[in-house]
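Heads up: the sequence shown begins at 134 in our numbering, then just goes up one per residue.
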Amino acid sequence: MPLKYTPKLCTVPKVDQITTPNKNIQSFFMRSDASYYADEKHRMANYRADEPIIHVVIWNNKLIVESESVDLGDFFYLTGMNTERFKSLEECVGWLGNLISDVLRKLEIRPRGSFVSLIFQDLLNRTEVLALCNLFINVLSFKGILITPRSLSQAIGTLSPNCVVVNLYANYTTVCLVEDFWMLDGICVSRECNKGFELVDSVDFVDEFNRIKVFEEKNVFSCDKCDYKDETEARMEAHFLSLHQDCGCHPEVGKDEHFRMHLRAYSEEEGDIHELIAKRMNYVLSKEKAKKIGGKVIVFNHGGVGLSEECLSKAFEEYGISPEVSMYEEPNESMITNVMAAFSGLECVKEIWMTDKEWNNAGLRVLKEKVLFII
């Protein structure tokens, strides 16, 4: 006997194609151009009328809200929120929220009638990024948020779609790889360690069981003749002997010595800062992408020492890359914020704005569709 009703689980809504900013997903199944987690009227293209966009920077020891700057002190430790100063994530974000609220009140800004474009500290972990989103949307009551890592904003501000962004600080250095204005990798180089706050609630169990990554962290060795990478030296040698031994580049040396001349090993513990940057790029990228991204390096100095343009170029040349290196001794905050102000208002950027309705309906799931970095 046929069913007289249609169960909800059997109803598949008709939706449009989605093209996400990270260019890795393109599907027609249960996806929409902006997000299927909210009604059409609650997506950025139809949700914002003439409400203002407030620009906020939370980075290093600074909080900048529009033209107002406030000292954050030791709110951050390395690239994470300071777990030594604050006992919990709630205390940490609560302190920051009170500070932002005071500045908004001083500037007579009404969050309920505004959207926020946020530039945040590089390499915050997933929990901390989620906490910031919740702070601005559910605590401060902004109608929507656009979140951008510091290094990505620097790439946009210097009009560098493909580049390596290096930020030198007194106690650490961050290195981020940007391709087509999408931050695909980043590391912190320091003798100290701070993982920041992490909560079980921010774990995406689909990710844990079905990991899809831009690269595999276990690859340690690479062949400088091609893009082959492996975690054991024995398999690397077998690969080299079968494909490259007869290339004729060094006929005067034996097989073992010839193999070792073309073997690259990756370790974050060995080499100076110049070598680590070049090694990281070779480690996570194919040769083609390494040349594309490594062709331009922008360095921002915030009181750090020890990085030389000449040594950096030399380290890159070891991998067949001749970079154009730009050094900025005095970072121009107004330049970056002005460019980001123009960027956040672009029509094409509406796809990566997350409204309060989308966030409260799906949280992390919708956030993943909206960001130009790995989360």
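Quick reminder that beta carbons are idealized off the backbone N, C-alpha and C, glycines included.
Simplified DSSP assignment, three categories, for residue i
i: A288; result: helix
i: V190; result: strand
i: A167; result: Note that A167 has pLDDT 44, beneath the 50 cutoff, so the model's placement of it is unreliable and the number below is only indicative. Note: A167 maps to coil in three-state DSSP.
i: Y361; result: coil
i: G246; result: helix
i: E457; result: strand
i: V262; result: helix
i: V298; result: strand
i: F209; result: strand
Paired residues, beta bridge with residue i - DSSP
i: S202; result: I197
i: L251; result: V189, I280
i: R397; result: S355
i: F506; result: M316
Beta strand (DSSP E) segment containing residue i, residue limits
i: D489; result: It is not in any beta strand (DSSP E) - D489 instead sits in the alpha helix (DSSP H) that spans 489 to 495.
i: E312; result: 306 to 312
i: V432; result: 429 to 434
i: V322; result: 315 to 322
Rounded separation between residue i and residue j - CA only
i: Q287; j: F219; result: 29 Å
i: S234; j: E223; result: 16 Å
i: W192; j: D357; result: 37 Å
i: Y416; j: T216; result: 30 Å
i: G436; j: A303; result: 5 Å
i: L229; j: A182; result: 29 Å
i: Y461; j: L292; result: 14 Å
i: I469; j: A411; result: 26 Å
i: P282; j: V504; result: 9 Å
i: L418; j: N295; result: 13 Å
i: S459; j: T307; result: 16 Å
i: K501; j: L232; result: 28 Å
i: V236; j: V322; result: 33 Å
i: V203; j: M369; result: 53 Å
i: E364; j: E451; result: 21 Å
i: S221; j: V311; result: 32 Å
i: H194; j: I252; result: For the sequence presented, residue 194 should be read as Asn rather than His. Approximately 13 Å between the Cα atoms of the pair.
i: K276; j: V353; result: 45 Å
i: C266; j: L374; result: 52 Å
i: I242; j: F248; result: 11 Å
i: S477; j: Y210; result: 28 Å
i: D340; j: N493; result: Per-residue confidence for D340 stands at a pLDDT of 48, beneath the threshold of 50, marking its modelled position as unreliable; no derived number is given.
i: K388; j: S250; result: 57 Å
i: C444; j: R498; result: 42 Å
i: Y180; j: P244; result: 15 Å
i: I507; j: C309; result: 12 Å
i: A167; j: T260; result: Annotation note: pLDDT 44 at A167 (below 50); position unreliable, coordinate value reported separately. Those two C-alpha atoms are separated by around 24 Å.
i: V298; j: A423; result: 14 Å
i: C382; j: V262; result: 49 Å
Residue interval of the alpha helix (DSSP H) (run including residue i)
i: F449; result: 442 to 450
i: P235; result: The amino acid occupying residue 235 in the given sequence is Asp; Pro does not appear at that position. Counting along the chain, the alpha helix (DSSP H) containing D235 begins and ends at 222 to 239.
i: I119; result: Outside the modelled stretch of the chain, which goes from 134 to 508, sits residue 119, for which no answer is possible.
i: N179; result: 177 to 180
i: A371; result: 366 to 376
i: A475; result: 466 to 477
Cβ distance (whole Å) where residue i is taken to contact residue j below 8 Å
i: L257; j: V226; result: So it is not a contact: roughly 12 Å between Cβ atoms.
i: M177; j: T488; result: 6 Å
i: I270; j: I280; result: That pair is no contact at about 11 Å.
i: S284; j: M316; result: 6 Å
i: E199; j: I187; result: 6 Å
i: D255; j: G319; result: 6 Å
i: G427; j: P456; result: 6 Å
i: F314; j: I289; result: 6 Å
i: L240; j: E184; result: 15 Å between Cβ atoms; not a contact.
i: A367; j: E408; result: Going by Cβ atoms, the distance from A367 to E408 rounds to 25 Å, so no, they are not a contact pair.
i: A171; j: E491; result: 5 Å
i: G439; j: I406; result: 6 Å
i: L301; j: N434; result: 5 Å
Minimum Cβ-Cβ distance from residue i to chain B less than 7 Å
i: D360; result: The structure shown contains no chain B, having only a single protein chain.
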